[in-house]
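Undergrad: Structure incoming, see below.
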Amino acid sequence: MPALAKVLKLPRPPAQLKGAAPASALEGINEHQRRIVLNRKQLVQIILAEHQAGVSIRVAARNLVAAIVAGQVAEATRTAARSLAKGSKPSPSHQVLERWTSAYMKQGINGLIPKHKGSQRKAYGWEARALELYQRPVKAAMSTVAYWLQDEGFESATISRVRRYLNSLPARLTTSAPKRLGQHYHRQNVTPYVVRDASVLPVGFIYEGDGHTCDVHIAHPKTGKAYRPELTVWLDVRSHYCVGWYLDNAEKATSTLFSLSHAITSHDHVPAAIHVDPGSGFKNKLMVGEAVSYCERLSIEFMAALPGNARGKGLVEGFFHIFEERCGKRFDTYCGHNRTDHALSDLSGKVKRGEIILPTQAQYRDAITAFIDRYNHTAQRGLGCPPADLWQQLEQTPLETPAEALMRPQAVRVVRRGQVEHDRRLYRHVELASYEGQEIALEYNLHNDAYVTIRTLTGQFICEAEQVEPKPWLPASRLEEQELKRLKGQIARKEKAITEDKARAGLAITHEHDLAHLNAMPVLNDPEPLAHNTRAGPASAASAVGIDLNVFDDD
């Protein structure tokens, strides 16, 4: 094989063959065919180079196979031969190499393009209908689709044929189709999403917050009955540090205000922006929207996530997942969707019988406090350190507004006749006469309605107006009023449900029932003689109404 070894050391391109097709022929084939053609061409050129040195095509092909088996060729040549061989063989046979070389000499590149196209599938006519049925949001199995097609008259739609056809289609049309998975699930779990790099943010620049209905039943502080509280937390986006939280009965404006106030006053730092969902608990007049809203007073930018996009607040959603996994599951009254038993069925009855003891609100609050403290001091893989270590890099933006004023929401009101009205309560002060007809900022206390602080829209103090003409039927605290309003709403919804259940059971009594009952009663014939016929005796009158007078005889 001296001639072959010499050629392998100094390869030279073969001369342009007569009738060879230009390299542009590769543009009409797919990527897999292109790789096959280039690998075949690499082996054929070695054979043709030795053939030009005076060796026959057959001998050159045998020499190339022997060199490949002996490992005397370049790595690229050995890789090309291995990719074209069948099974575990290191190279195609010399007969195959001879055939490729002959085809290349006659047709050029076109002679090296694979001619095998596989078996052609037969069209049965139900393919489009099968795809339509499979993409339905009911997520029918492929065998069910075949069953439906047979009911529609497609006898050729066997299970194997339908399954083979659907599996041959791209996943974006079948298993990952938006119609089959649902638009929301497809957008959240299949489509690409934008990855945000939080490492470029300063510590304490953006707070991300959200509310979560806890998966643990605890005892209500007033009634003692089981209920699920609402936990609102705020996390620093850069350090993942939990800066503040608040536990309440439900997500509402006051719980959001208290939790954010706790986060700001605890560290004496005002973030540049907050990232929350657009729900009513966060996007409300107390937080954002008016000139005297909470965010406007502190110059905090309000960033609302897209509705229904849980990944947009992935940091806080991940926090709640870890919270329930490590803290919520400690309690026997955990009621998450991944609970495996039925111990919480008839919960109220088991609580009354003493079979289940509900944790108190204080016990649950202590558990949350312990978890958050450990969370802040536990190293995270994405950070490479505990959140508390990064939080130490905080450059504070101190709070200029006093803490007692920070906890009080504000509302814009117009002074009328030396007084202002808010939540059906009147407040007066002599200084308000100077601002007649003007808009002012009314700062009120959620726990006490005795007085309000009046300021200009720019924040300048005017006076503290006292409440006048108190209305006895209003509670003294706005929090109690909100709770009363919530309870009335629950009562109204329950009464509506009871009325609907009675109607379904046929227990509702309406005027149609009364009329039907009256029509079914017997009617007396001419009752007038009972009162006006003087010639009729007692016996005749009694017999008219069916009364037997003999029962009244003394004998």
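Numbering that gives the first Met the number 0 numbers the first residue of the sequence shown as 0 and each following residue consecutively. Positions of the beta carbon are idealized from the N, C-alpha and C atoms, including for glycine.
Which class does residue 181 belong to by DSSP, given the choice of helix, strand or coil?
TA: Residue 181 falls in the coil class under three-state DSSP.
Undergrad: For residue 33, which residues does DSSP report across the bridge?
TA: DSSP lists no partner for residue 33.
Undergrad: Measuring alpha carbon to alpha carbon, tell me which of 410, 428 and 213 ends up nearest residue 416.
TA: Residue 416 has its Cα closest to that of 428, out of 410, 428 and 213.
Undergrad: One question on the structure: do residue 112 and residue 36 come within less than 9 Å of each other, judged by their Cβ atoms?
TA: Yes, the Cβ-Cβ distance between residue 112 and residue 36 is below 9 Å.
Undergrad: So residue 425 packs on residue 466, CB below 8 Å; how close in whole Å?
TA: Right, the Cβ-Cβ distance comes to about 7 Å (below 8 Å), so this counts as a contact.
Undergrad: Would you say residue 215 and residue 333 are within 9 Å of each other, going by their C-beta atoms?
TA: It is a contact, given that the beta carbons lie within the stated cut-off.
Undergrad: Within the chosen definition, does the stretch 210-230 reach the stretch 181-194 through at least 3 CB pairs nearer than 8 Å?
TA: With the cut-off at 8 Å, the stretch 210-230 and the stretch 181-194 do not touch.
Undergrad: Following the continuous beta strand (DSSP E) through residue 301, name the residue where it begins and the one where it ends.
TA: Start and end: 300-303.
Undergrad: State the Cα-Cα distance for the pair residue 353 and residue 380, rounded to the nearest angstrom.
TA: If you take the alpha carbons of residue 353 and residue 380, they lie about 43 Å apart.
Undergrad: State the start and end residues of the unbroken beta strand (DSSP E) segment that holds residue 240.
TA: Careful: residue 240 lies outside any beta strand (DSSP E) and carries neither H nor E.
Undergrad: What did DSSP end up calling residue 218 once you bin it into helix, strand or coil?
TA: Reduced to three states, the DSSP call for residue 218 is strand.
Undergrad: Alpha carbon to alpha carbon, how far is residue 81 from residue 87? Give it in angstroms, no decimals.
TA: Each residue's Cα considered, the two are about 8 Å apart.
Undergrad: Does residue 125 come out as helix, strand or coil in the three-state DSSP assignment?
TA: Coil, per DSSP.
Undergrad: For a test of the three-state rule: what should DSSP assign to residue 210, helix, strand or coil?
TA: Residue 210: strand per DSSP, three-state reduction.
Undergrad: Strictly by DSSP, which residues pair up with residue 231?
TA: 210 and 245.
Undergrad: Would DSSP call residue 174 helix, strand or coil?
TA: Residue 174 falls in the coil class under three-state DSSP.
Undergrad: What does residue 326 pair with, by DSSP beta-bridge criteria?
TA: In DSSP, residue 326 forms no bridge with anything.
Undergrad: The alpha helix (DSSP H) that contains residue 160, what's its start and end?
TA: Taken as a continuous stretch (DSSP letters only), the alpha helix (DSSP H) holding residue 160 covers 158-167.
Undergrad: Ignore the nearest five residues each way along the sequence and tell me which others in residue 346's own chain have a CB closer than 7 Å to its CB.
TA: The residues are 216, 225 and 355.
Undergrad: In the DSSP assignment, the beta strand (DSSP E) including residue 602 goes from what residue to what residue?
TA: Since the first residue shown for the chain is 0 and the last is 554, residue 602 is missing from the structure and cannot be characterised.
Undergrad: Measuring straight from C-alpha to C-alpha, what distance separates residue 372 and residue 191?
TA: Taking the straight line from one Cα to the other gives about 35 Å.
Undergrad: Name the two residues that bound the continuous beta strand (DSSP E) containing residue 421.
TA: Start and end: 418-421.
Undergrad: Answer yes or no: do residue 96 and residue 137 have a C-beta to C-beta separation smaller than 9 Å?
TA: Contact: no.
Undergrad: Could you check whether the stretch 261-273 touches the stretch 237-250, counting it as contact only if at least three pairs of C-beta atoms, one from each stretch, sit closer than 8 Å?
TA: Yes: the two stretches touch, three or more of their Cβ pairs being nearer than 8 Å.
Undergrad: CA-CA distance, residue 314 and residue 483?
TA: Looking at the two C-alpha atoms, the distance is approximately 35 Å.
Undergrad: Using CA coordinates, which residue listed in 47, 420, 384 and 390 is at the minimum distance from residue 204?
TA: Per the Cα distances, 390.
Undergrad: Would you decide whether residue 101 is buried or exposed? Buried here means 16 or more other CB atoms lie within 10 Å of its CB.
TA: Exposed.
Undergrad: Hey, out of 299, 450 and 261, whose CA is closest to residue 272's CA?
TA: Comparing Cα-Cα distances from residue 272 to each of 299, 450 and 261, the minimum goes to 299.
Undergrad: Could you please give the first and the last residue of the uninterrupted alpha helix (DSSP H) stretch that includes residue 391?
TA: Segment: none, residue 391 is in no alpha helix (DSSP H) and carries neither H nor E.
Undergrad: Taking the alpha-carbon of residue 61 as reference, which of 45, 397, 74 and 456 has the nearest alpha-carbon?
TA: Answer by Cα proximity: 45.
Undergrad: Pop quiz: residue 156 and residue 148 are said to be a contact at Cβ under 8 Å. What is the actual Cβ separation, rounded to whole angstroms?
TA: Sure, about 4 Å apart at Cβ, within 8 Å.
Undergrad: Any idea which residues DSSP pairs residue 454 with across the strands?
TA: According to DSSP, residue 454 bridges with 440 and 460.
Undergrad: Please determine, among 441, 462 and 408, the residue with the shortest C-alpha to C-alpha distance to residue 433.
TA: The shortest Cα separation from residue 433 among 441, 462 and 408 belongs to 462.
Undergrad: Return helix, strand or coil for residue 115, following the three-state DSSP convention.
TA: Here residue 115 sits in coil by DSSP.
Undergrad: Is residue 453 closer than 9 Å to residue 411 when the C-beta atoms are compared?
TA: In this structure, residue 453 does not lie closer than 9 Å to residue 411 by Cβ.
Undergrad: Once DSSP output is grouped into helix, strand and coil, what is the label at residue 144?
TA: Residue 144 falls in the helix class under three-state DSSP.
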